[in-house]
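J.:
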Amino acid sequence: MTRAVRGFFVVFFLAYFSSMAAQAPHTSVGVGATPMALSGDYRALGWNPAHLTLSPMNSNWKSAISGLEGSISVNSTVLGREDLWDDILNRGMNNDAWTGLTPGEWVNRLSNEEIQVDVNLMTAGSAKRWKSWAVAYASRNVFFAESYFSPSVTSLLIEGGASNLFEYSILGTDTVINNGGWSTDDLANIIGGLNTNGETLLSSIFQDSKLGLSWHRTHELGVSKQWGTERGWSIHTGIGARLLLGNGFFSLASVDGELDAFGAFSDGFNIAKLDSINLNGSLLSNVRNWAPVGQGWGVDVGVALAFSENFWASASITDLGWMEWRGERYQLDDALTNTWNNVATNPNEWIDIMQLSLNPGTWFANGTSETRRVNNGMGFHIGAGVKVGTLLTFAGDASFDNPELVGNSGTRFGLSCVVGPVDWLRLETGIRKVGDETIRIPAGFILKTGARGLEIGLQASDIIGIWRNSQSELGARFCFLRWVW
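In the working numbering, each residue carries its 1-based index in the sequence shown increased by 559.
1) From this set, Gly1034, Val1043 and Gly1024, which residue's C-alpha is nearest Gly639's C-alpha?
2) Ends of the alpha helix (DSSP H) at Asn667?
3) How would you write the range of the beta strand (DSSP E) that Ser685 sits in, first residue to last?
4) Looking at C-alpha atoms only, which residue of Asp859, Thr997 and Thr612 is the closest neighbour of Ala693?
5) Hey, how far is the Cα of Gly599 from the Cα of Trp689?
6) May I ask which residues mark the beginning and end of the alpha helix (DSSP H) holding Trp884?
7) If you drop the 5 nearest sequence neighbours on each side, which residues of the same chain put their C-beta closer than 6 Å to that of Phe824?
8) Which of the three DSSP states is assigned to Arg985 in this structure?
9) Might you give, ordered along the chain, the residues of its own chain that have their beta carbon closer than 6 Å to the beta carbon of Ala596, omitting 5 neighbours on each side?
10) Output the boundary residues of the beta strand (DSSP E) element that contains Ile941.
11) What span of residues does the alpha helix (DSSP H) with Val712 cover, start to end?
12) By the 10 Å Cβ neighbour count, where 16 or more other Cβ atoms means buried, how is Asn619 classified, buried or exposed?
13) Measuring only the C-alpha atoms, how far is Asn634 from Phe765?
14) Taking buried to mean at least 16 other C-beta atoms within 10 Å of its own C-beta, is Ser1031 buried or exposed?
15) Specify, as a first and last residue, the run of the beta strand (DSSP E) that Thr796 falls within.
16) Check whether the segment 622 to 630 touches the segment 661 to 672, counting contact only when three or more Cβ pairs, one atom from each stretch, lie closer than 8 Å.
17) Between Thr682, Met937 and Leu864, which lies nearest to Trp881 when the distance is taken from Cα to Cα?
18) Flag Phe809 as yes if its beta-carbon sits less than 7 Å from any beta-carbon of chain B, otherwise no.
19) Would you call the CB atoms of Thr796 and Ala609 closer than 7 Å?
20) Work out the CA separation of Asp677 and Ala583 for me, nearest whole Å.
21) Give a yes or no on whether the C-beta atoms belonging to Arg1036 and Val701 are separated by under 7 Å.
22) Judging by CA-CA distance, which residue of Gly855, Asn935, Ile647 and Val590 is the nearest neighbour of Asn961?
23) In the structure shown, what three-state DSSP assignment does Gly591 receive?
24) Please identify the residue among Ile876, Arg801 and Asn679 whose C-alpha is closest to the C-alpha of Trp774.
25) Spatial neighbours of Ser632 within its chain, please: C-beta separation below 6 Å, excluding the five flanking residues on both sides.
26) Roughly how many whole angstroms lie between the Cα atoms of Val862 and Leu986?
27) Would you say the beta carbon of Val637 is closer than 6 Å to some non-hydrogen atom of the ligand COA?
28) Helix, strand or coil: which one does DSSP assign to Asp826?
29) Below 7 Å between beta carbons: does that hold for Ser768 and Phe708?
30) Can you pull the DSSP bridge partners for Ile624?
31) Decide if Asp815 is buried, meaning its Cβ has at least 16 other Cβ atoms within 10 Å, or exposed.
32) Compute the distance between the beta-carbons of Asn1028 and Trp644, then report whether it is under 7 Å.
33) So, Glu887 versus Gly926, is the Cβ gap smaller than 7 Å?
34) Please confirm whether Ser698 and Thr682 have their CB atoms less than 7 Å apart.
35) CA-CA distance, Ala800 and Lys687?
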């Protein structure tokens, strides 16, 4: 049974990581470690729509149009472990003597570690401000994927048949030691007695593990109003709404001892569809393959209090709403039964069984149509900032959401310092802590053609690896040819 189960995990593991190259959280360049406190114009959508009129880093703007903007990051608790980097980079060892880690050592390194991949691409963004009103629109592609593997799953992926999951074969009437010395007759008897309930088996293996991904497009619209300037004080309020169109969603976890596997994907993810793409065919026929399989909505509300453009404090509630995905709940009970019945009648067909186990259709051919509602993950944000003269800006913010939902971190805290020594240059850095992970230090710059005009910027999401032997996040945020006037 080793190869069939391992085959499933190999196929899924490869498919999972090969798809992690699409879209992520909308943190832009120029905000240090405080995306909510320093956001402005269309970049405030998703954080605090009240900042459309506030825009603390550029209070005199009238219009803004996005260029090529986005971000990509890979973050994991395992990346913050110095022992892993020591192993990979062979620190403190002679190159001739290094032979790498054993499979068992890799299992110890990677077990009980969360891995997340975020990619975000802004396809359109614009904002317009009048005296006391502002409106903005933004469209993004957002991809998020995460995994958390228990020691049993990690062992199965890395060690395969050498995993201790296969030290014994549990039968209906006996437990047989797996010593690798079975005869053909022994093998037939063992297979005949195996429990081939797919969901029970995989639920046991996946206990305390999870896999999930989401790929969707957003169309966001926001409006903000500034109320009065009494003695230098002003109040800003804003509301934003977004339409969510999903192309892919997958969730696999053990819930209350039962395996829950749900997926919803556009036809374009189908291997046969990809193989039959005709570049000379009609645009409509090719676009239909990527019709959304999920729709939803979201609402953000925010408020900000400012004094003479030198001090401000704000709060917001975001992601009120949900998405509905039209997909399938996969049923795996018969996956092993149909496959292993062939072996019971002819134990010599191990190669055929291995090929069947590597076929995704063996595992995901059976499913029940289901429309699943997934909450967006409501978040609460607070932030404040102060300008010291014309050169320095300090800010801090915090976010709180439900960590049980895909893409949520639970808590996020940040402090930022932004320096603008000349009109054409702005430098930023800060300190950020997300969930239970280690501290991260982002740093970046923005080049501008004066107080108004084109902007180009780049930010590293964590530079702590410059002076430490590890860092928890590898990523960057970029902005090219953004126009503000």
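Yeah, the Cβ is synthetic: ideal placement off N, Cα and C, and Gly gets one too.
Being a predicted model, the structure only gives us computed values, none of them experimental.
T.: Straight from the coordinates:
1) Taking the sequence shown and counting its residues from 1, the one referred to as residue 639 is at position 80. By alpha-carbon distance to Gly639, the top candidate from Gly1034, Val1043 and Gly1024 is Gly1024.
2) The count along the sequence shown starts at 1 and reaches residue 667 at position 108. Where Asn667 is concerned, the enclosing alpha helix (DSSP H) stretches over Pro662 to Leu669.
3) Within the sequence shown, numbered from 1, the residue matching residue 685 stands at position 126. For Ser685, the enclosing beta strand (DSSP E) covers residues Glu673 to Arg688.
4) One-based indexing of the sequence shown puts residue 693 at position 134. Taking only the C-alpha atoms, the option nearest Ala693 is Thr612.
5) Taking the first residue of the sequence shown as position 1, residue 599 is located at position 40. Taking the first residue of the sequence shown as position 1, residue 689 is located at position 130. Gly599 and Trp689: Cα-Cα distance of roughly 14 Å.
6) Counting from one through the sequence shown, the residue named residue 884 turns up at place 325. Run containing Trp884: none in the alpha helix (DSSP H); it sits in the beta strand (DSSP E), Phe870 to Tyr889.
7) Looking up residue 824 in the sequence shown gives position 265. Excluding sequence neighbours, Phe824 sits near Gly807.
8) Residue numbering aside, residue 985 sits at position 426 when the sequence shown is read from its first letter. The answer is strand: DSSP assigns Arg985 an E or B state.
9) Reading the sequence shown from its first residue, position 37 is the one you call residue 596. Residues Gly942, Gly944, Ala954 and Asp956 of the same chain have their beta carbon placed closer than 6 Å to that of Ala596, with the five preceding and five following residues left out of the count.
10) As a first step, residue 941 must be located in the sequence shown, where it is residue number 382. Under the DSSP assignment, Ile941 falls in the beta strand (DSSP E) whose first and last residues are Gly938 to Val947.
11) Stepping through the sequence shown from its first residue, residue 712 is reached at position 153. Where Val712 is concerned, the enclosing alpha helix (DSSP H) stretches over Pro710 to Glu718.
12) Sequence index remark: in the sequence shown, residue 619 carries index 60 (1-based). With fewer than 16 Cβ atoms within 10 Å of its Cβ, Asn619 is classed as exposed.
13) Here residue 634 refers to the residue found at position 75 when the sequence shown is read from its first residue. Here residue 765 refers to the residue found at position 206 when the sequence shown is read from its first residue. Their Cα atoms are separated by approximately 22 Å.
14) In the sequence shown, residue 1031 corresponds to position 472, counting from 1. In summary, Ser1031 is buried, with 16 or more beta-carbon neighbours lying within 10 Å of its beta-carbon over all protein chains present.
15) What you label residue 796 is simply residue 237 of the sequence shown in a count that begins at 1. Trp792 to Val814 is the span of the beta strand (DSSP E), which, as asked, contains Thr796.
16) Result no; under three Cβ-Cβ pairs closer than 8 Å.
17) For the purposes of this step, residue 881 is taken as residue 322 along the sequence shown, with counting starting at 1. Nearest option by C-alpha distance: Met937.
18) In the structure shown, chain B cannot be found, because there is only a single protein chain.
19) As a working mapping, residue 796 is identified with position 237 in the sequence shown. As a working mapping, residue 609 is identified with position 50 in the sequence shown. Yes.
20) For the purposes of this step, residue 583 is taken as the residue at position 24 of the sequence shown. For the purposes of this step, residue 677 is taken as the residue at position 118 of the sequence shown. Its pLDDT being 41, under 50, Ala583 is placed unreliably by the model, and the measurement read from it follows with that caveat. The alpha-carbon of Ala583 is positioned some 4 Å away from that of Asp677.
21) For the purposes of this step, residue 1036 is taken as the residue at position 477 of the sequence shown. For the purposes of this step, residue 701 is taken as the residue at position 142 of the sequence shown. Taking 7 Å as the Cβ cut-off, Arg1036 and Val701 do not qualify as a contacting pair.
22) The residue given as residue 961 occupies position 402 in the sequence shown. Ranked by Cα distance from Asn961, the options Gly855, Asn935, Ile647 and Val590 are led by Asn935.
23) Residue mapping note: residue 591 aligns to position 32 of the sequence shown, counting from 1. Correct three-state label for Gly591: coil.
24) Residue numbering aside, residue 774 sits at position 215 when the sequence shown is read from its first letter. Trp774 has its Cα closest to that of Asn679, out of Ile876, Arg801 and Asn679.
25) Within the sequence shown, residue 632 is the residue found at index 73, counting from 1. Listed in chain order, the non-local C-beta contacts of Ser632 below 6 Å within the same chain comprise Asp677, Ser1020, Glu1032 and Gly1034, local neighbours out to five positions each way being set aside.
26) Along the sequence shown, read from residue 1 onward, the residue named residue 862 stands at position 303. Along the sequence shown, read from residue 1 onward, the residue named residue 986 stands at position 427. Each residue's alpha carbon lies about 27 Å from the other.
27) This structure simply doesn't include the ligand COA, nor any ligand for that matter.
28) Along the sequence shown, read from residue 1 onward, the residue named residue 826 stands at position 267. In the structure shown, Asp826 adopts helical secondary structure according to DSSP, grouped into three states.
29) Locating residue 768 in the sequence shown gives position 209, where the first residue counts as 1. Locating residue 708 in the sequence shown gives position 149, where the first residue counts as 1. Yes. Within cutoff.
30) As a working mapping, residue 624 is identified with position 65 in the sequence shown. Paired residues: Ser685 and Trp1042.
31) Here residue 815 corresponds to residue number 256 of the sequence shown, with the count starting at 1. It counts as exposed.
32) Locating residue 1028 in the sequence shown gives position 469, where the first residue counts as 1. Locating residue 644 in the sequence shown gives position 85, where the first residue counts as 1. For Asn1028 and Trp644, yes; Cβs fall inside 7 Å.
33) By one-based count along the sequence shown, residue 887 stands at place 328. By one-based count along the sequence shown, residue 926 stands at place 367. Taking a C-beta distance under 7 Å as the contact criterion, Glu887 and Gly926 qualify as a contact pair.
34) Position 139 of the sequence shown, counted from the first residue, corresponds to residue 698. Position 123 of the sequence shown, counted from the first residue, corresponds to residue 682. With contacts defined as CB atoms closer than 7 Å, Ser698 and Thr682 qualify as a contacting pair.
35) Along the sequence shown, read from residue 1 onward, the residue named residue 800 stands at position 241. Along the sequence shown, read from residue 1 onward, the residue named residue 687 stands at position 128. Computed Cα separation, rounded: 17 Å.
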